[in-house]
Every structure is written in structure tokens, then in C-alpha cells.
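Each number in my numbering comes from the position in the sequence shown (counting from 1) with 33 added on.
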Amino acid sequence: MPSKVVLITGSAGFIGFHLSQKLLAQHYHVVGLDNLNDYYDVSLKESRLEVLKKHTHFTFVKGNLHDRACIEKIFSDFKFDYVVNLAAQAGLRYSIQNPHAYIESNVQGFLNILEGCRYHQPAHLVYASSSSVYGANKQMPFSVHQSVDHPISLYAATKKSNELMAHAYSVLYKIPTTGLRFFNVYGPYGRPDMALFIFTKSILEGKPIDVFNHGKMRRDFTYVDDIVEGMSRLIPRIAEGNTQWDAFQPDPATSFAPYRLYNIGNTKPVELMYYIEILEQKLGKKAFKNLMPMQDGEVTETYSNVDDLMNDVGFKPSTPIQVGIGKFVDWYLDYYRVKN
């Protein structure tokens with residue numbers, strides 16, 4: 034029988050799906066919450082759910098993070114040992130077109146989760162932040178001990194807001210909270226609005242791909258299995274206050290309260306053009322590249338420092354880009370029944 038019950042919001046999403054599978058294999062009882070919105074192909078979300086529903090110890094609840102009554106009910110109906118908040122309005126570029134969706138889901142929705150934790154006291158709240166919070170910072174590699182006060186997109190601002198809100202609740206209500214800054218996650222069942230998915234589809238269809246900043250970008254692409262391995266180790270590691278924390282030289286990654294931040298990234302930035310070359314090799318087809326200027330809200334490079342992750346849970350992502358892209362391509366060709 035499962036010994037721990039965990040709430041995963043966004044369980045039909047890309048990372049939520051993979052994390053749910055991981056925790057189910059570790060004998061957790063997973064309660065998944067998702068609204069199955071149409072930001073991208075709902076059938077892909079339903080396919081993920083079909084896989085999860087085959088597990089005896091998976092319970093699905095359809096609902097919105099920003100629906101206060103829904104969140105209050107799910108916390109009342111279940112006694113959660115852990116809460117993992119992965120539900121959010123995703124997409125950096127979409128935040129320019131539809132900013133209100135980000136405040137509703139990422140800020141109001143996260144407040145509802147914090148209030149649920151306040152009144153029902155799970156042992157640990159773990160939540161998704163993003164590498165986008167580093168914003169205008171140019172100091173590489175990005176460290177959780179650096180200041181991140183200059184976001185360059187509303188999406189990044191909402192994720193930074195989550196970190197600040199979590200800290201306030203850790204101080205006020207002693208809720209242990211851990212924020213995870215993910216770096217360019219990719220892999221099977223990935224989101225159709227992400228570069229790897231878009232590139233694969235277009236190359237197979239013989240259509241040009243838009244390559245921003247004329248390809249002069251580097252990304253710390255991180256395979257999804259590495260992301261969930263790091264998360265599965267951090268969930269039972271309850272955040273604690275840092276007894277050495279200095280209010281005169283405050284460390285952004287820790288606190289006197291039970292609050293922690295971690296990067297989860299591959300620590301090996303990859304040139305975008307090389308990324309495309311690997312994809313071309315795996316597909317056996319060349320890409321027609323439409324070289325474009327830099328988009329608003331984008332950064333030229335991401336590069337993670339994961340020393341804290343390694344020191345605290347003995348793990349750092351290591352899946353080579355060639356392996357990760359190969360696994361994605363194999364999944365894509367099988368899932369969409371593409372004869373390549």
C-alpha cells in the first residue's frame with residue numbers, strides 16, 4: 034500500500050505527467066489536478082492521463098488552480114503529505130499576448146495552493162519556478178545565490194512572485210517550501226509549443242523552422258527524466274531554515290525560515306544550431322532555416338549551476354543531448370505514427 038499521498042497540480046502537463054509516473058513507481062498515492070485547458074492540443078494531455086489512470090494509486094481531479102472553492106475542496110478531501118505545484122500558464126511568448134492568464138493562474142492560483150497548505154499543513158510544498166527568473170542577469174553560470182530582480186518577461190515576473198509568496202508563507206506559517214528553477218526541459222510527451230516539438234514537426238513536413246537571433250543562442254537543455262529524478266529526491270527532503278543565514282548579507286536561496294531554492298539544469302549549454310544539427314541527424318532530414326531577429330522577453334544564453342542540488346541530494350542532470358533528442362524523436366514518430 035502507498036505510504037505517502039502527494040498532490041501534483043498540472044498532472045496532465047508535460048513535467049507533471051512524468052513526475053506522476055515516477056512517484057507512482059515509488060509507491061506514492063498521487064492525486065492529480067489539471068484543468069485540461071486548450072493552450073495546446075488537449076488530446077495530448079488526455080493521452081498522458083490515460084497512461085496515469087492505469088495505475089491503481091492515481092486519482093484524477095479536474096479543476097482550475099485559480100478556482101478557490103476547488104482548491105479548498107481538494108485539500109479537505111485528501112490528507113496530503115506533500116504538495117507539488119506544477120500547474121501554471123506556460124509559454125514565455127504567450128505572456129506578451131495574454132498577460133491576464135498569467136496573473137490568474139500563476140499568481141492567484143499559487144495563492145490558493147499556499148492557503149491550502151496554510152490550513153492543512155502538508156509536510157512540504159515543492160513548486161516550479163523557472164530559469165527565466167534570471168532575466169537580465171549575465172553572470173554565468175546562473176546560481177540560486179544570485180539576485181534575480183530584473184525579469185524581462187511577465188512570465189518570469191510571475192515565477193519570481195511565486196518565490197516571494199512562498200517565502201512569506203514559510204515565514205508566517207512555518208510552511209516548508211522548495212522552489213525549483215527548471216532549465217529548458219525537453220523529452221517525450223513534451224509540449225507542442227516548445228522548440229523541439231515545433232522543429233520536429235516542421236522538418237518532417239518539409240516546412241521552414243524559425244530560428245531566432247539568427248541561431249546565436251545557447252540553452253541549458255535538460256532531459257525530463259533528469260528533472261523528475263531531482264524532484265523525486267527533493268520532495269521528501271523537507272526544507273529547513275538556514276541557521277547561518279545573515280540578514281545583513283541575505284542569501285537569496287535560503288532563509289531563516291524553512292525555504293529553499295534549487296536549479297535543475299544540465300550544466301552544459303548547447304548552441305541552438307548544434308541542437309538543430311542533432312535533430313536533423315536523428316530525423317534523417319535537413320531543416321530549412323528561417324533566420325529571425327531576437328524575440329522580446331528572450332535571453333541569449335541559459336547556463337545552470339546545480340552545486341546545491343548535488344550537495345543536498347547527490348544528483349545532477351547528465352543526459353547527453355544526443356540521447357535525449359533521440360528518445361524524443363523515437364516517441365514522436367511512434368505517437369504520431371510517422372513513417373520516416
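Built from N, CA and C at the ideal position, the CB exists for glycine as well.
* **Cβ separation of residue 64 and residue 94, assumed to be a contact under 8 Å, to the nearest whole Å** => 7 Å
* Does the stretch 251 to 266 come close enough to the stretch 131 to 138 that 3 or more CB-CB pairs lie under 8 Å? -> no
* To do: Report the residue from 68, 128, 350 and 319 whose alpha carbon sits nearest the alpha carbon of residue 103.
  => 68
* **Check whether residue 294 and residue 212 have beta carbons under 8 Å apart** => yes
* Asked: Roughly how many angstroms separate the alpha carbons of residue 398 and residue 209, rounded to a whole number?
  -> No answer is possible for residue 398: it lies beyond the span of the chain, which begins at 34 and ends at 373.
* Asked: For residue 249, which three-state DSSP category applies?
  -> coil
* To do: Determine, using beta carbons only, whether residue 290 and residue 204 come nearer to each other than 8 Å.
  => yes
* Mind reading off the beta-carbon distance from residue 117 to residue 41? Whole number of angstroms is fine, and I expect it under 8 Å. => 5 Å
* Candidates 303, 184 and 268: closest to residue 163 by CA position -> 184
* **Straight-line Cα distance separating residue 250 from residue 333** => 5 Å
* Would you kindly report the start and end of the unbroken alpha helix (DSSP H) that includes residue 232? => 228 to 237
* Asked: Just the Cα atoms here: how many angstroms apart are residue 292 and residue 158?
  -> 10 Å
* Asked: Nearest to residue 286 by alpha carbon, out of 144, 217 and 196?
  -> 196
* For residue 296, the residue or residues it bridges with in DSSP -> 214
* To do: Within the same chain, show all residues whose beta-carbon is closer than 7 Å to that of residue 132, passing over the 5 residues directly before and after it, in chain order.
  => 187
* Asked: For the stretch 106 to 117 against the stretch 75 to 89, are there 3 or more C-beta pairs whose distance is under 8 Å?
  -> no
* To do: Give the secondary structure of residue 337 by DSSP, where H, G and I count as helix, E and B as strand, and everything else as coil.
  => strand
* Asked: Rounded to the nearest angstrom, how far is the Cβ of residue 169 from that of residue 232, given a contact under 8 Å?
  -> At roughly 27 Å, the Cβ-Cβ gap does not stay under 8 Å, so residue 169 and residue 232 are not in contact.
* the stretch 141 to 157 contacting the stretch 171 to 180, beta-carbon criterion three pairs below 8 Å -> no
* Asked: CB-CB under 6 Å to residue 149, same chain, minus the five flanking residues each way: which ones, in chain order?
  -> 104 and 108
* When DSSP builds the beta bridges, which residues end up paired with residue 322? -> 242
* To do: Within the same chain, show all residues whose beta-carbon is closer than 7 Å to that of residue 349, passing over the 5 residues directly before and after it, in chain order.
  => 300, 339, 342 and 343
* Run through DSSP, which three-state label would residue 273 get? -> coil
* To do: With a cut-off of 8 Å on the beta carbons, I'd call residue 376 and residue 49 a contact; round off their distance for me.
  => Nothing can be reported for residue 376: it is not among the residues displayed for the chain, which extend from 34 to 373.
* Given 8 Å as the limit, is there contact between the stretch 213 to 228 and the stretch 310 to 318, that is, 3 or more CB pairs closer than that? -> no
* Drop a sphere of 10 angstroms on the beta-carbon of residue 192, count the other beta-carbons inside from all chains shown, and report buried for 16 or more, exposed for fewer. => buried
* Compare the beta carbon distance of residue 244 and residue 214 with 8 Å and say whether it is the shorter of the two. => no
* **Selected residue, minimal CA-CA separation from residue 234, among 254, 370 and 347** => 370
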